[in-house]
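The next block holds one structure in the form of structure tokens; read it before the comments.
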């Protein structure tokens, strides 16, 4: 699975405006709802699913990265959204460091295999410290999106 199969340029937010964990999840859920017509329910449904998943354990995986993800009833494909918060957000990350890079993944209820492959792919990309640094330096949405595609082509 390639990142370009689940992430589009319109699903990249170069600068999140939220200042806290719930605000980030709300902003990303609203963006997903507004730009992915096939995501069932409303932004509040997406937000609720993301918050419910966070209650099981933080998706802040460390090194300034969080990968919030949730199963969405009625969704027929994997949908991704990337957001960047240069200032860093307290997100209950496993290393207690602020999160700057957020990669949200919404998945159908019955997609365990595809879901795990996508999470592994996202994790592999964001594990690379030089790529994380580059993501923080890109000037805009298009550069970030193209950076993901170029980095993904290396694997």
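In the numbering used here, the protein residues as written are 248 to 402. Ideal Cβ positions, reconstructed from N, Cα and C, are used throughout, including at glycine. Remember, predicted model here, so these are calculated numbers, not experimental data.
Between residue i and residue j, how many whole angstroms is the CB-CB distance? I'm expecting something under 8 Å.
i, j, result
"residue 327", "residue 350", "7 Å"
"residue 364", "residue 248", "5 Å"
"residue 336", "residue 380", "Actually they are not in contact, since the Cβ atoms of residue 336 and residue 380 sit about 18 Å apart, beyond 8 Å."
Beta carbon of residue i, beta carbon of residue j: below 8 Å?
i, j, result
"residue 259", "residue 329", "yes"
"residue 311", "residue 345", "yes"
"residue 325", "residue 352", "yes"
"residue 280", "residue 289", "yes"
"residue 367", "residue 340", "no"
"residue 297", "residue 265", "no"
"residue 285", "residue 323", "yes"
The alpha helix (DSSP H) with residue i in it runs from where to where?
i, result
"residue 324", "Looking at the DSSP string, residue 324 is not in any alpha helix (DSSP H), and its letter there is neither H nor E."
"residue 308", "Element bounds for residue 308: not the alpha helix (DSSP H) but the beta strand (DSSP E), 307-309."
"residue 254", "From DSSP, residue 254 is part of no alpha helix (DSSP H); its letter is neither H nor E."
"residue 378", "376-384"
"residue 399", "388-400"
Please list, in chain order, all residues of the same chain as residue i whose beta carbon is under 7 Å from its beta carbon, the five residues on each side excluded.
i, result
"residue 188", "Because the chain here runs from 248 to 402, residue 188 falls outside it and cannot be looked at."
"residue 402", "371"
"residue 382", "331, 348, 391, 394"
"residue 261", "331, 387, 388, 391"
"residue 282", "257, 258"
Tell me which residue opens and which closes the beta strand (DSSP E) that residue i is part of.
i, result
"residue 352", "346-355"
For residue i, which residues from the same chain have a beta carbon less than 6 Å from its beta carbon, with the 5 sequence-adjacent residues on both sides left out?
i, result
"residue 396", "251"
"residue 356", "318, 320"
"residue 301", "none"
"residue 273", "294"
"residue 385", "391, 394"
Please go through the same chain and pick out, in chain order, the residues whose beta-carbon is closer than 8 Å to the beta-carbon of residue i, but skip the five residues on each side of it.
i, result
"residue 287", "319, 320, 321, 322"
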